[in-house]
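Notes to accompany the following structure.
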Amino acid sequence: MDLHGIDLNLLVAFDALMCERNVTRAGVRIGRTQPAMSAALSRLRLLLKDDLFVRSASGLQPTPRALELAAPLGEALASIQRTLEFTQEFDPSRSTIRFTIGLSDHPAFTVLPALHKRLSQLAPNVKLHIRSFTARDDALALLDAGEADVAIGVPGSSTPRIPTIPLFEERFVCVARKKHSLTKKKMTLDAFLACQHLLVSPEGDGVGHVDTVLAQLGRKRDIAVTLPQMYAAPTIVANSDLLATMMEGAIQASGLRDQLALLSLPKEITLAPVPFVLHWHRRNDAHPAQRWLREQIALVCRRKA
Numbered sequence: 006m007d008l009h010g011i012d013l014n015l016l017v018a019f020d021a022l023m024c025e026r027n028v029t030r031a032g033v034r035i036g037r038t039q040p041a042m043s044a045a046l047s048r049l050r051l052l053l054k055d056d057l058f059v060r061s062a063s064g065l066q067p068t069p070r071a072l073e074l075a076a077p078l079g080e081a082l083a084s085i086q087r088t089l090e091f092t093q094e095f096d097p098s099r100s101t102i103r104f105t106i107g108l109s110d111h112p113a114f115t116v117l118p119a120l121h122k123r124l125s126q127l128a129p130n131v132k133l134h135i136r137s138f139t140a141r142d143d144a145l146a147l148l149d150a151g152e153a154d155v156a157i158g159v160p161g162s163s164t165p166r167i168p169t170i171p172l173f174e175e176r177f178v179c180v181a182r183k184k185h186s187l188t189k190k191k192m193t194l195d196a197f198l199a200c201q202h203l204l205v206s207p208e209g210d211g212v213g214h215v216d217t218v219l220a221q222l223g224r225k226r227d228i229a230v231t232l233p234q235m236y237a238a239p240t241i242v243a244n245s246d247l248l249a250t251m252m253e254g255a256i257q258a259s260g261l262r263d264q265l266a267l268l269s270l271p272k273e274i275t276l277a278p279v280p281f282v283l284h285w286h287r288r289n290d291a292h293p294a295q296r297w298l299r300e301q302i303a304l305v306c307r308r309k310a
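Okay, so the sequence shown: first residue is 6 according to this note's numbering, each after it adds one.
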């Protein structure tokens, strides 16, 4: 079929007829008169060599050919609409755009719920698609490939094509189950090292910030469990005698805060807080919808902080 001869308005009419199953209501949906919709249906039948819709007591019924075309044509029209929306003034209350957000584990739990709530209020028809990543430079790869509009995680490699802005920081705390014996003792380095530990290692290198400091002191801890999923850690700690040194926000978001005790780290172990940043690709700087999304993420994170 020669695409040069196809009127895009016919495909819009077809989509409206599929939704409404009534010529008059379909016309109202897209701002056309009933005669204009009837004429469009006639042209569609001629173009596609099929009746497409047949009358019945309950309205227009699509033929098998119409049903076969409905999904791919609907997706194509939605894609065209999303593409054009990027180049126009962005109205969140009316937009049907889909944003793809890359999230590491922690922001998925602590930022996404509040962000989704805010977008649902301001832009009820906007869709979110979430891409997960673990290694910090995976976020840059998603943005470079156009597979994410923005990404939230710890800072990756610095590059001019990927701007970043700071969002929030998380401090490290030591956590144990509520009735752990260490909750009744003074936290010393020796007491800390006498316990077995759980290490959260998202990138799988098996070395945490605590281990780096301990190596400088010539000491080493007993790591009984190493796992990549941060949000599995609170459940394991709550049901064992393991200690875990992890971000405080993950404990607060775990739903297990009442089963856990937050302990100070030994004075010899000083850990800098973990920064979380918003990444995006430079090519998205000027898109009104992209700017709006970044503003909403920054606002949600400011309120979180």
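From the three backbone atoms N, C-alpha and C, an ideal C-beta is built for every residue, glycine too. Keep in mind that this is a model prediction, so the values were computed, not measured.
For this session: Would you identify the three-state DSSP class for residue 189, choosing helix, strand or coil?
Result: Translated into the one-based positions of the sequence shown, residue 189 becomes position 184. Reduced to three states, the DSSP call for residue 189 is helix.
Problem set entry | Coarse secondary structure for residue 257, derived from DSSP in three states | Counted from its first residue, the sequence shown places residue 257 at position 252. Helix, per DSSP.
Problem set entry | Cβ-Cβ separation, residue 57 to residue 49 (assumed contact under 8 Å), whole Å | Reading the sequence shown from its first residue, position 44 is the one you call residue 49. Reading the sequence shown from its first residue, position 52 is the one you call residue 57. Confirmed, about 6 Å.
Exercise. What residue range is occupied by the uninterrupted alpha helix (DSSP H) comprising residue 299?
Worked result: For the purposes of this step, residue 299 is identified with residue 294 of the sequence shown, where counting begins at 1. Looking at the DSSP string, the run of the alpha helix (DSSP H) that includes residue 299 is 293 to 309.
Exercise. For residue 256, which residues of its own chain have a beta-carbon under 8 Å away from its beta-carbon, when the five flanking residues on both sides are left out?
Worked result: Against the sequence shown, residue 256 aligns to sequence position 251. The residues are 178, 180, 239, 262, 265 and 267.
Exercise. In terms of residue numbering, what span does the beta strand (DSSP E) encompassing residue 133 cover?
Worked result: In the sequence shown, the residue the question calls residue 133 occupies position 128. Counting along the chain, the beta strand (DSSP E) containing residue 133 begins and ends at 132 to 137.
Exercise. Anyone know if the C-beta pair for residue 133 and residue 124 falls short of 8 Å?
Worked result: Mapped onto the sequence shown, residue 133 falls at position 128. Mapped onto the sequence shown, residue 124 falls at position 119. Cβ distance < 8 Å, so residue 133 and residue 124 count as in contact.
Problem set entry | Alpha-carbon spacing of residue 32 relative to residue 38, whole angstroms | Walking along the sequence shown from the start, residue 32 turns up at place 27. Walking along the sequence shown from the start, residue 38 turns up at place 33. Approximately 6 Å, taken between the alpha carbons.
Exercise. So residue 230 and residue 248 are in contact, right, with Cβ under 8 Å, and what is the actual spacing, rounded?
Worked result: Residue mapping note: residue 230 aligns to position 225 of the sequence shown, counting from 1. Residue mapping note: residue 248 aligns to position 243 of the sequence shown, counting from 1. About 11 Å; that fails the 8 Å criterion.
Problem set entry | Counted within 10 angstroms of its Cβ, other Cβ atoms place residue 250 as buried (16 or more) or exposed | The residue you call residue 250 lines up with position 245 of the sequence shown. So residue 250 ends up on the buried side.
Exercise. In chain order, which continuous runs of the beta strand (DSSP E) of length 3 or greater are located wholly inside the stretch 113 to 180?
Worked result: 132 to 137, 155 to 158 and 169 to 175
Exercise. Using the beta-carbon count (16 or more within 10 Å), is residue 115 buried or exposed?
Worked result: Here residue 115 corresponds to residue number 110 of the sequence shown, with the count starting at 1. Counting Cβ neighbours within 10 Å, residue 115 comes out buried, since at least 16 surround it.
For this session: Evaluate residue 148 with the Cβ neighbour count: other Cβ atoms within 10 Å of its Cβ, from every protein chain shown; 16 or more gives buried, anything less gives exposed.
Result: Residue mapping note: residue 148 aligns to position 143 of the sequence shown, counting from 1. Residue 148 is buried by the Cβ-count criterion.
Exercise. By Cβ distance, which residues of its chain are closer than 8 Å to residue 159, with the 5 residues on each side in sequence left out?
Worked result: Counting from one through the sequence shown, the residue named residue 159 turns up at place 154. Contacts found: 109, 141, 279, 280, 281 and 282.
Exercise. By a C-beta neighbour count over all protein chains shown, 10 Å radius and 16 as the cutoff for buried, is residue 212 buried or exposed?
Worked result: Along the sequence shown, read from residue 1 onward, the residue named residue 212 stands at position 207. Exposed, because fewer than 16 other Cβ atoms sit within 10 Å of the Cβ of residue 212.
Exercise. In its own chain, which residues sit with a C-beta less than 6 Å from the C-beta of residue 145, not counting the 5 before and 5 after it?
Worked result: For the purposes of this step, residue 145 is taken as residue 140 along the sequence shown, with counting starting at 1. Result list for residue 145: 161 and 167, in chain order.
For this session: Have a look at residue 17 and residue 73 and give me their C-alpha separation to the nearest angstrom.
Result: Position 12 of the sequence shown, counted from the start, is the residue given in the question as residue 17. Position 68 of the sequence shown, counted from the start, is the residue given in the question as residue 73. Cα-Cα distance, rounded: 16 Å.
Exercise. What is the rounded straight-line gap between the Cα of residue 206 and the Cα of residue 233?
Worked result: Locating residue 206 in the sequence shown gives position 201, counting from the first residue. Locating residue 233 in the sequence shown gives position 228, counting from the first residue. Taking the straight line from one Cα to the other gives about 5 Å.
Exercise. Can you tell me whether DSSP reads residue 231 as helix, strand or coil?
Worked result: The residue labelled residue 231 in the question sits at position 226 within the sequence shown. Looking at residue 231 - three-state DSSP - the assignment turns out to be strand.
Exercise. In angstroms, rounded to a whole number, what distance separates the CA positions of residue 192 and residue 225?
Worked result: Counting from 1 along the sequence shown, the entry for residue 192 is found at position 187. Counting from 1 along the sequence shown, the entry for residue 225 is found at position 220. One C-alpha to the other measures close to 16 Å.
For this session: Keeping to the same chain, check which residues put their C-beta closer than 7 Å to that of residue 274; ignore five residues upstream and five downstream.
Result: Residue mapping note: residue 274 aligns to position 269 of the sequence shown, counting from 1. Same-chain partners within the cutoff: 215 and 218.
Problem set entry | Cβ neighbours of residue 297 in the same chain (closer than 7 Å, five flanking residues each side left out) | Your numbering for residue 297 matches position 292 in the sequence shown. Same-chain partners within the cutoff: 95 and 97.
Problem set entry | Residues sharing a beta bridge with residue 249, DSSP | Here residue 249 refers to the residue found at position 244 when the sequence shown is read from its first residue. According to DSSP, which records beta bridges pairwise, residue 249 is partnered with 180 and 203.
Exercise. Does DSSP put residue 43 in a helix, a strand or coil?
Worked result: For the purposes of this step, residue 43 is identified with residue 38 of the sequence shown, where counting begins at 1. In the structure shown, residue 43 sits in a helix (DSSP, three-state: H, G or I).
Problem set entry | Proximity of residue 78 and residue 173 at Cβ, strictly below 8 Å | The residue you call residue 78 lines up with position 73 of the sequence shown. The residue you call residue 173 lines up with position 168 of the sequence shown. No, these two residues do not count as a Cβ contact at 8 Å.
For this session: Decide if residue 299 is buried, meaning its Cβ has at least 16 other Cβ atoms within 10 Å, or exposed.
Result: In the sequence shown, counting from the first residue as 1, residue 299 sits at position 294. Classification for residue 299: buried.
For this session: Please go through the same chain and pick out, in chain order, the residues whose beta-carbon is closer than 6 Å to the beta-carbon of residue 328, but skip the five residues on each side of it.
Result: Nothing about residue 328 can be reported from this structure: the residues present for the chain run from 6 to 310 only.
For this session: Note down the Cα distance separating residue 157 from residue 29, rounded to an integer number of angstroms.
Result: To locate residue 157, count along the sequence shown from 1; it is residue 152. To locate residue 29, count along the sequence shown from 1; it is residue 24. Cα-Cα distance, rounded: 47 Å.
For this session: Between the Cα of residue 203 and those of 176, 308 and 235, spot the shortest distance and give me the residue it belongs to.
Result: Indexing the sequence shown from 1 puts residue 203 at position 198. The shortest C-alpha separation from residue 203 is found at 235.
Exercise. Roughly how many angstroms lie between the CA atoms of residue 26 and residue 67, to the nearest whole one?
Worked result: Position 21 of the sequence shown, counted from the first residue, corresponds to residue 26. Position 62 of the sequence shown, counted from the first residue, corresponds to residue 67. Whole-angstrom Cα-Cα distance: 8 Å.
For this session: Between the Cα of residue 165 and those of 87, 139, 40 and 288, spot the shortest distance and give me the residue it belongs to.
Result: The count along the sequence shown starts at 1 and reaches residue 165 at position 160. Considering only alpha carbons, the answer is 288.
Exercise. Looking at the structure shown, is residue 274 part of a helix, part of a strand, or coil, going by DSSP?
Worked result: The count along the sequence shown starts at 1 and reaches residue 274 at position 269. Secondary structure at residue 274: coil, using DSSP grouped into helix, strand and coil.
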